[in-house]
Amino acid sequence: MPALLAALGVPGPAPALAVPPVRAAVLLLVDGLGSELLRRYADDAPFLANLPDLGPLTAGFPSSTSISLASIGTGVPPGAHGLLGLALRTGGELLDTLRWTAQGSRLDLRDRLVPEEVQPVPTALERAAAAGVAVTVVSLSEFEGSGLTRATLRGGRFQGTYALGDLAAGVLAASTSPGRQLCYGYHRDLDALGHLYGPGSLPWRLQLAQVDRLVELVADRLPPDAVLAVTGDHGMVAVDRRYDVDTDRVLSGGVAQVSGDPRARHVHVVPGALDDVLAAWTDVLGDGAWVVPGEQAVADGWFGLPVAPHARDRIGDVVVAARGGTAVIRSRAERFISRMPGQHGSLTPDEQLVPLLLAPPHPRG
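Sequential numbering from 825 applies to the sequence shown in this note's numbering.
Quick look at the structure:
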């Protein structure tokens, strides 16, 4: 996002990536579009596979949607914006950052855990709007005004969508409107099918083909002074080995709370239990995960450096990043996601690496 802002002439620090100057920029986020998966299944997405790629980029840790949306929306790493897990410990509560509810319930926490305070870093969309750029967010209608939208993508006009057709129409309408334009578009279904059937499954591959056609349609109609950038928020792996914190007495011993994701866990321990919990999780998970003290994860830069003060106590006393096909599930607290064959969140290239594809407008003739 900082590179697109620079291409639009918005003042700010020099970005790490160079995008040529444009009047309009569209960033299309395809949820679950990992670089390794796109390379592996390039035959299902020939248009995407042949676009210039400024990546792969590293999505950050944990490599999950709410964390990556905050990184994209703010232009800073997870340790700076503070959204550090699908389930986030903040204000003494476990917040489901996708739904902005208390974990495992429908209790809306937007009033008690104000999104703009939980994630206080100004967004790139706000910066663009302050510089006179018209900003549009084209995403699913159900996300308008949601806690996650307010936390990560505040600052633009929201245009709700229901399917691929109105997503394409929405981003094209924004890119063809007069003046400088910044548009963020979002597509969810590739990630959803990866979770439900596994990455690389036939449903997932057919959905990837639909995404490929979507991007080609938009690029074909893009005005000559605009650019379409396509990226993902994470990749995905298939899991075949599950450890259940809710039923395993060894893993739950000495633990006060468990937050994060099945592939990236924050373990918050009761006073005095750190050494025992660290040893137990290391022994049980073995080569299925990296298990380190939270202080070490911070020092080693897992969340980016520096870590902001408001984010520090959200990091577990023990931090776990899964390896291979391992998932650390919570069968009672997280019933639905615990059963899914496709997961993400850890430090592996399959999960962290995402493309940054640039689609200039097609020549007409």
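Glycine included, every Cβ here is placed at the ideal spot set by N, Cα and C. Fair warning: this is a prediction, and the values are worked out from it, not measured in the lab.
Where does residue i sit, in a helix, a strand or coil, going by DSSP?
| i | result |
| --- | --- |
| Ser1170 | coil |
| Ala830 | helix |
| Ile1153 | strand |
| Pro1184 | coil |
| Ala840 | coil |
| Gly1189 | Low per-residue confidence applies at Gly1189: pLDDT is 35, beneath 50, and the placement is therefore not dependable, though the value from the model is reported in the following sentence. Looking at Gly1189 - three-state DSSP - the assignment turns out to be coil, as it is neither helix nor strand. |
| Gln943 | coil |
| Gly984 | strand |
| Thr925 | strand |
| Asp1068 | strand |
| Leu907 | coil |
| Ala869 | coil |
| Ala1062 | strand |
| Glu1158 | coil |
| Arg978 | coil |
| Gly1003 | coil |
| Arg811 | Beyond the ends of the chain as shown, which are 825 and 1189, falls residue 811; an answer cannot be given. |
| Trp1126 | coil |
| Arg1037 | helix |
| Ser1025 | coil |
| Gly989 | helix |
| Val995 | helix |
| Leu857 | coil |
| Leu937 | coil |
| Asp1137 | coil |
| Gly899 | coil |
| Val1131 | coil |
| Arg1087 | coil |
Give a yes or no on whether the C-beta atoms belonging to residue i and residue j are separated by under 8 angstroms.
| i | j | result |
| --- | --- | --- |
| Val1143 | Leu1102 | no |
| Pro939 | Ala975 | yes |
| Leu937 | Gln927 | no |
| Thr960 | Gly980 | yes |
| Pro1173 | Asp877 | no |
| Ala883 | Asp1124 | no |
| Ala1088 | Gly906 | no |
| Gly1149 | Asp1064 | yes |
| Val1051 | Ala869 | no |
| Gly969 | Gln983 | no |
| His1090 | Ser888 | no |
| Ala830 | Pro839 | yes |
| Phe885 | Val1039 | no |
| Ala1104 | Val1074 | yes |
| Ala1043 | Ala1183 | yes |
| Thr947 | Gly897 | yes |
| Tyr1010 | Leu853 | yes |
| Leu977 | Trp924 | no |
| Leu851 | Leu828 | yes |
| Asp1110 | Val1093 | The displayed chain sequence assigns Gly, not Asp, to residue 1110. No, the pair does not count as a contact, with Cβ atoms beyond the cut-off. |
| Ser1083 | Leu912 | yes |
| Tyr865 | Gly989 | no |
Since residue i contacts residue j with CB under 8 angstroms, what's their CB separation in whole angstroms?
| i | j | result |
| --- | --- | --- |
| Gly909 | Met1060 | At roughly 17 angstroms, the Cβ-Cβ gap does not stay under 8 angstroms, so Gly909 and Met1060 are not in contact. |
| Arg1147 | Trp1126 | Not quite, the Cβ-Cβ distance comes to about 14 angstroms (not below 8 angstroms), so this is no contact. |
| Ala1035 | Leu991 | Correcting the residue identity first, residue 1035 is Val in this sequence and not Ala. At roughly 10 angstroms, the Cβ-Cβ gap does not stay under 8 angstroms, so Val1035 and Leu991 are not in contact. |
| Gly833 | Leu1129 | Between Leu1129 and Gly833 the Cβ distance is about 30 angstroms, and since that is not below 8 angstroms, they are no contact. |
| Ala1151 | Arg1066 | 5 angstroms |
| Met825 | Gly899 | 5 angstroms |
| Leu922 | Ala1053 | About 24 angstroms separates the two Cβ atoms, so there is no contact after all. |
| Pro1165 | Ala1062 | 6 angstroms |
| Thr985 | Leu964 | 6 angstroms |
| Gly951 | Arg847 | Just to set this straight, residue 951 is Arg in the shown sequence, not Gly. About 17 angstroms separates the two Cβ atoms, so there is no contact after all. |
| Val1122 | Val1108 | The pair is not a contact, with the Cβ atoms about 23 angstroms apart (cut-off 8 angstroms). |
Based on the DSSP output, what are the partners of residue i in its beta bridges?
| i | result |
| --- | --- |
| Phe967 | Note: Phe967 sits in no beta bridge, so no partner. |
| Tyr1008 | Leu851, Val961 |
| Glu917 | Thr914 |
| Ala1114 | Going by the sequence as given, residue 1114 is Trp instead of Ala. DSSP output for Trp1114 lists Ala1145 as bridge partner(s). |
| Asp877 | Leu1181 |
| Thr882 | Leu1177 |
| His1092 | Gln1081 |
| Asp1107 | DSSP, once it has assigned bridges, lists no residue as partnering Asp1107. |
| Asp932 | Thr925 |
| Val1054 | Leu852, Leu1181 |
Is the closest heavy atom of the ligand NAD to the C-beta of residue i under 7 angstroms?
| i | result |
| --- | --- |
| Pro835 | Only the bare structure without any ligand can be found here, which leaves the ligand NAD out of the picture. |
(message) For the structure I just gave you, are there three or more beta carbon pairs, one from the region 861-869 and one from the region 929-943, closer than 8 angstroms?
(response) Taking a cut-off of 8 angstroms for Cβ pairs, the region 861-869 and the region 929-943 do not touch, as fewer than three such pairs fall below it.
(request) Inspect the CB distances between the region 1118-1125 and the region 1150-1161 and report whether three or more fall short of 8 angstroms. (result) no
(request) Take every Cβ of the region 983-1003, pair it with every Cβ of the region 949-967, and state whether three or more of those distances are shorter than 8 angstroms. (result) With three or more CB-CB distances shorter than 8 angstroms, the region 983-1003 counts as touching the region 949-967.
(message) Below 8 angstroms, how does it come out for the region 1039-1055 and the region 1067-1075: are there three or more Cβ pairs, yes or no?
(response) no
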